[in-house]
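K.L.:
If you read the sequences in order, they're chains A and B. Everything in the first sequence is counted per numbering that gives the first Met the number 0, starting at 0 for the first residue and increasing by one. Everything in the second sequence is counted per numbering that gives the first Met the number 0, starting at 0 for the first residue and increasing by one. For reference, the structure I am asking about is given below.
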Amino acid sequence: MKRRKIKVGIIGTGNIGSDLLAKVVRSDVLECGIFAGHNRASKGLLRAREMGVPTTYESIRYIEENPDCCEIVFDATSARVHQYNAPILKRLGKYTIDLTPAHVGGFCVPQVNLEEAMKWDNVNCITCGGQATIPIAKALNDTAMVKYLEIVATIASKSAGPGTRENIDEFTQTTKEALVEIGGIKNAKAIIVLNPAEPPITMRNTVYALIEKPDMDAIRAAVSMAANEIKKYVPGYRIILQPVYENGRVTTSVEVTGSGDFLPEYAGNLDIITCAALEIAESKARRWLA
Amino acid sequence: MAGISRIRFFDATLRDGSHAVKHQLSKELIASYCEAMDDAGMYTIIVGHGNGLGASSLQVGVSALSDSEMLKTAREHLNRTRLGVYMIPGFGTIRDNLDPALEMGVELFKIGCHCTEANVTRQHIEYISSAGKEVYGVLMNCHMASVDRLLEEAQKMQSYGAHGIILMDSAGSSTPQMVKKLVSTLVDHLYVLVGFHPHNNMGLAVANAYAAVQEGARIIDGTMRGFGAGAGNVQLEALSALLLKEGYELNQNLYQMMDVSEQIVKPIMPEDRALSDVSIISGMAGVFSSFKTQVLAAAAEFHVDPRDIFKELGRRKVVGGQEDMVVMVAEQLAHPVNADTESYLLESLT
Numbered sequence: 000m001k002r003r004k005i006k007v008g009i010i011g012t013g014n015i016g017s018d019l020l021a022k023v024v025r026s027d028v029l030e031c032g033i034f035a036g037h038n039r040a041s042k043g044l045l046r047a048r049e050m051g052v053p054t055t056y057e058s059i060r061y062i063e064e065n066p067d068c069c070e071i072v073f074d075a076t077s078a079r080v081h082q083y084n085a086p087i088l089k090r091l092g093k094y095t096i097d098l099t100p101a102h103v104g105g106f107c108v109p110q111v112n113l114e115e116a117m118k119w120d121n122v123n124c125i126t127c128g129g130q131a132t133i134p135i136a137k138a139l140n141d142t143a144m145v146k147y148l149e150i151v152a153t154i155a156s157k158s159a160g161p162g163t164r165e166n167i168d169e170f171t172q173t174t175k176e177a178l179v180e181i182g183g184i185k186n187a188k189a190i191i192v193l194n195p196a197e198p199p200i201t202m203r204n205t206v207y208a209l210i211e212k213p214d215m216d217a218i219r220a221a222v223s224m225a226a227n228e229i230k231k232y233v234p235g236y237r238i239i240l241q242p243v244y245e246n247g248r249v250t251t252s253v254e255v256t257g258s259g260d261f262l263p264e265y266a267g268n269l270d271i272i273t274c275a276a277l278e279i280a281e282s283k284a285r286r287w288l289a
Numbered sequence: 000m001a002g003i004s005r006i007r008f009f010d011a012t013l014r015d016g017s018h019a020v021k022h023q024l025s026k027e028l029i030a031s032y033c034e035a036m037d038d039a040g041m042y043t044i045i046v047g048h049g050n051g052l053g054a055s056s057l058q059v060g061v062s063a064l065s066d067s068e069m070l071k072t073a074r075e076h077l078n079r080t081r082l083g084v085y086m087i088p089g090f091g092t093i094r095d096n097l098d099p100a101l102e103m104g105v106e107l108f109k110i111g112c113h114c115t116e117a118n119v120t121r122q123h124i125e126y127i128s129s130a131g132k133e134v135y136g137v138l139m140n141c142h143m144a145s146v147d148r149l150l151e152e153a154q155k156m157q158s159y160g161a162h163g164i165i166l167m168d169s170a171g172s173s174t175p176q177m178v179k180k181l182v183s184t185l186v187d188h189l190y191v192l193v194g195f196h197p198h199n200n201m202g203l204a205v206a207n208a209y210a211a212v213q214e215g216a217r218i219i220d221g222t223m224r225g226f227g228a229g230a231g232n233v234q235l236e237a238l239s240a241l242l243l244k245e246g247y248e249l250n251q252n253l254y255q256m257m258d259v260s261e262q263i264v265k266p267i268m269p270e271d272r273a274l275s276d277v278s279i280i281s282g283m284a285g286v287f288s289s290f291k292t293q294v295l296a297a298a299a300e301f302h303v304d305p306r307d308i309f310k311e312l313g314r315r316k317v318v319g320g321q322e323d324m325v326v327m328v329a330e331q332l333a334h335p336v337n338a339d340t341e342s343y344l345l346e347s348l349t
């Protein structure tokens, strides 16, 4: 007999929604109940139909009218649209995983607080930059007295769709707030850079921390442990500059290579947030199925 | 030159000049400069960190003064000239930076991005425009895109409500021919003002500003004495003298500019204005002038030649805000065997 899978809905058919769909299709505990957009002519919808996935261009309305189509909903629209969708999904009792920087629900980075997120009804995945750097920030903060911490996320222009671009303000603000809230950093800053170089650059993140007399061995150990934990659900995550103490600051850089599901491998920014969302959804589904 | 509206000078001395002193401008300097320049005929005086509001950071340099301390000081000493700020989305946000600036009485905003990414400025241009303030779009590193692409990006900013589009030759690597083609195309196709912000890496800042004016640019964004990032900016005193000689009528008072330049700006400038080797190399490599501080620090830390760092950064096509690449490139130049050799070679070959 075929094992039961938990049905998910994906709202948003852009880069993030399409990448997520490719991952859901491969999941052994999830299946896509509905792939929902708002534009009949969207390329993402067409592609999903060709894959044999149920689709709609009625966006959230379809889920309202057909509430049995899914138990978990991924929202990959935009911060503004999620503000509208969130109360509807709450009323419908859907476990909601928000991939926009709307910050309606609590922040979750699976490596940091997956257990907590299992208890919420709306989980916010922060941003790609947040997913990539908060574990490093937390590792530094758990190991040393961090007086100030700053992250710089650089992503290829081609991998930033219209949603990301129109949300750059929320993106920057939300990443900073999550560094404070779940990274435990009191004094934090986030910087986001888009680079249009051809061929596109791989997503790269740098974490700077002001730490007095840092114990670099302890720091390197903590950072590499965090990186290994992230690697379990984001295969393309790797440290490219081990923590170094230079010019009075501890500097670490990580690169995220994508799995090439939807956009090519340079778009690690897509993978890191969709992998995180998938990890959250699969954990929830496994609990329900157990 | 009757019939042509007068050139607006956007005075970036207290903004781009911040780069030249590692963002350590003092309150006294801001106060005395604003007071002395208030009636010199500048269209606006832009104040702040070299990379704009919210940019004080380990990535691009920590300011001695907070944004609000700088703006408050300038506000107290400007009565006739508009107080302006610069902001790059991704560094600053509406809540943390634009709202406080509006509250402090900033009158003019420049919102900038890398020249191919205009749509990241939409939220901010629209926000300032709806707040009823003057707002300009800035396309940085304009040597890194084609004229057609720059026009497309400028048109986006125009559609968001920008009152003008300023092209920044951030690495000082444009030639007068390039500037002419670019500015004339934008002037022909935009209904808003076109501005130009030159840098002097190859000694062409005044020539490029003049070329821009000849093609119809109505805003020149420059500094007193050329005080600014890397090799510095277009020296507005020299440009003014050239424009006067060529028959343009100016609002700006040349002698006053020269006196302020001599008495207030010269004493705080850290070095002579001869083109230094790293500035020339950064222009040649097409790397944003403001990387100079980080490159020199990393070169000293890792014992590598700063010129090699610049050349490598140029090969990797870095854009403004990517200063974190400096440490990694320096580290890899210092320890080539420690680097991930395979991917490094692949990247270098592309």
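The C-beta atom is built at its ideal place from N, Cα and C for all residues, glycine as well.
Taking a cut of 9 Å between CB atoms, which residues from the stretch 165-176 of chain A lie near chain B?
P.N.:
Listed by position along the chain: 165, 166, 167, 168, 169, 170, 171, 172, 175.
K.L.:
Assign residue 12 of chain B to one of three DSSP states: helix, strand, or coil.
P.N.:
Locating residue 12 of chain B in the second sequence gives position 13, counting from the first residue. It is a strand residue.
K.L.:
Given a cut-off of 8 Å, decide if residue 209 of chain A and residue 248 of chain A are closer than it, judged by their beta-carbon atoms.
P.N.:
By 1-based counting over the first sequence, the position of residue 248 of chain A is 249. By 1-based counting over the first sequence, the position of residue 209 of chain A is 210. Result yes, Cβ atoms of residue 248 of chain A and residue 209 of chain A sit closer than 8 Å.
K.L.:
Can you find a C-beta in chain B that's less than 8 Å from the C-beta of residue 188 of chain A?
P.N.:
Position 189 of the first sequence, counting from 1, holds the residue named residue 188 of chain A. Yes - at least one Cβ of chain B is within 8 Å of the one on residue 188 of chain A.
K.L.:
Between residue 140 of chain B and residue 114 of chain B, is the Cβ-Cβ spacing less than 8 Å?
P.N.:
Walking along the second sequence from the start, residue 140 of chain B turns up at place 141. Walking along the second sequence from the start, residue 114 of chain B turns up at place 115. Cβ distance < 8 Å, so residue 140 of chain B and residue 114 of chain B count as in contact.
K.L.:
Would you say residue 340 of chain B reaches chain A, if we count a Cβ-Cβ gap shorter than 8 Å as a contact?
P.N.:
Your numbering for residue 340 of chain B matches position 341 in the second sequence. At residue 340 of chain B the pLDDT is 47, less than 50, meaning the model places this residue with poor confidence and gives no usable figure here.
K.L.:
Helix, strand or coil: how does DSSP classify residue 138 of chain A here?
P.N.:
What you label residue 138 of chain A is simply residue 139 of the first sequence in a count that begins at 1. It is helical.
K.L.:
The stretch 193-223 of chain A: which residues have C-beta closer than 7 Å to a C-beta of chain B, in chain order?
P.N.:
Hits within the stretch, in order: 193, 194, 195, 196, 198, 205, 207.
K.L.:
I want to know whether the stretch 49-61 of chain A touches the stretch 254-265 of chain A - three or more CB-CB distances under 8 Å.
P.N.:
Flag = no, the stretch 49-61 of chain A and the stretch 254-265 of chain A do not touch.
K.L.:
Mark residue 289 of chain A as exposed unless 16 or more other C-beta atoms lie within 10 angstroms of its C-beta, in which case mark it buried.
P.N.:
For the purposes of this step, residue 289 of chain A is taken as the residue at position 290 of the first sequence. Its Cβ having fewer than 16 others within 10 Å, residue 289 of chain A is exposed.
K.L.:
Below 7 Å on C-beta distance, what does residue 321 of chain B contact in chain A?
P.N.:
Numbered from 1 along the second sequence, position 322 holds the residue referred to as residue 321 of chain B. Chain A residues near residue 321 of chain B: 153, 192, 194.
K.L.:
Give me whichever residues DSSP pairs with residue 188 of chain A in a beta bridge.
P.N.:
As a working note, residue 188 of chain A is residue 189 in the first sequence. A:149, per the DSSP bridge assignment.
K.L.:
Since residue 78 of chain A and residue 101 of chain A are thought to touch, with beta carbons under 8 Å apart, how far apart are those beta carbons, to the nearest angstrom?
P.N.:
For this step, residue 78 of chain A is matched to residue 79 along the first sequence. For this step, residue 101 of chain A is matched to residue 102 along the first sequence. Between residue 101 of chain A and residue 78 of chain A the Cβ distance is about 4 Å, and since that is below 8 Å, they are a contact.
K.L.:
Identify the contact partners of residue 57 of chain B in chain A, using a Cβ-Cβ distance below 7 Å as the criterion.
P.N.:
Here residue 57 of chain B refers to the residue found at position 58 when the second sequence is read from its first residue. Neighbours of residue 57 of chain B on chain A, chain order: 149, 207, 248.
K.L.:
From residue 159 of chain B to residue 129 of chain B, what does the alpha carbon distance come to, in whole angstroms?
P.N.:
Numbered from its first residue, the second sequence carries residue 159 of chain B at position 160. Numbered from its first residue, the second sequence carries residue 129 of chain B at position 130. Answer to the nearest angstrom: the Cα atoms are 10 Å apart.
K.L.:
Counting Cβ pairs closer than 8 Å, one from the stretch 31-51 of chain B and one from the stretch 75-86 of chain B, do we hit at least three?
P.N.:
A contact exists between the stretch 31-51 of chain B and the stretch 75-86 of chain B.
K.L.:
Using 8 Å as the threshold, is the C-beta distance between residue 150 of chain A and residue 138 of chain A below it?
P.N.:
Your numbering for residue 150 of chain A matches position 151 in the first sequence. Your numbering for residue 138 of chain A matches position 139 in the first sequence. No. Outside cutoff.
K.L.:
Using the Cβ count rule (16 or more neighbours within 10 Å means buried), how would you classify residue 70 of chain A?
P.N.:
Your numbering for residue 70 of chain A matches position 71 in the first sequence. With 16 or more other Cβ atoms within 10 Å, it is buried.
K.L.:
Taking any Cβ of chain B, which residues in the stretch 227-256 of chain A have a Cβ under 8 Å from it, in chain order?
P.N.:
Per Cβ criterion, the list reads 239, 240, 243, 245, 246, 248, 250, 252.
K.L.:
Could you tell me which residues DSSP pairs with residue 209 of chain B in its beta bridges?
P.N.:
Here residue 209 of chain B is taken as the residue at index 210 of the second sequence, counted from 1. In DSSP, residue 209 of chain B forms no bridge with anything.
K.L.:
Note down the Cα distance separating residue 298 of chain B from residue 331 of chain B, rounded to an integer number of angstroms.
P.N.:
Along the second sequence, one-based indexing puts residue 298 of chain B at 299. Along the second sequence, one-based indexing puts residue 331 of chain B at 332. Distance between the alpha carbons of residue 298 of chain B and residue 331 of chain B: 11 Å.
K.L.:
Cα separation between residue 309 of chain B and residue 319 of chain B?
P.N.:
Working through the second sequence from its first residue, we reach residue 309 of chain B at position 310. Working through the second sequence from its first residue, we reach residue 319 of chain B at position 320. Computed Cα separation, rounded: 13 Å.
K.L.:
Residues of chain B with a CB under 9 Å from the CB of residue 156 of chain A: which are they?
P.N.:
In the first sequence, counting from the first residue as 1, residue 156 of chain A sits at position 157. The contacting residues are 113, 115, 116.
K.L.:
Please state if the CB of residue 93 of chain B and the CB of residue 123 of chain B are separated by a distance shorter than 8 Å.
P.N.:
Here residue 123 of chain B corresponds to residue number 124 of the second sequence, with the count starting at 1. Here residue 93 of chain B corresponds to residue number 94 of the second sequence, with the count starting at 1. Yes, Cβ-Cβ distance for residue 123 of chain B and residue 93 of chain B is below 8 Å.
K.L.:
With a threshold of 16 other CB atoms inside 10 Å of the CB of residue 234 of chain B, please say whether the residue is buried or exposed.
P.N.:
Locating residue 234 of chain B in the second sequence gives position 235, counting from the first residue. Its Cβ being crowded by 16 or more others within 10 Å, residue 234 of chain B is buried.
K.L.:
Per DSSP, which residues does residue 73 of chain A bridge with? Please list them.
P.N.:
On the first sequence, residue 73 of chain A is found 74 positions in, with the first residue counted as 1. According to DSSP, residue 73 of chain A bridges with A:9, A:96.
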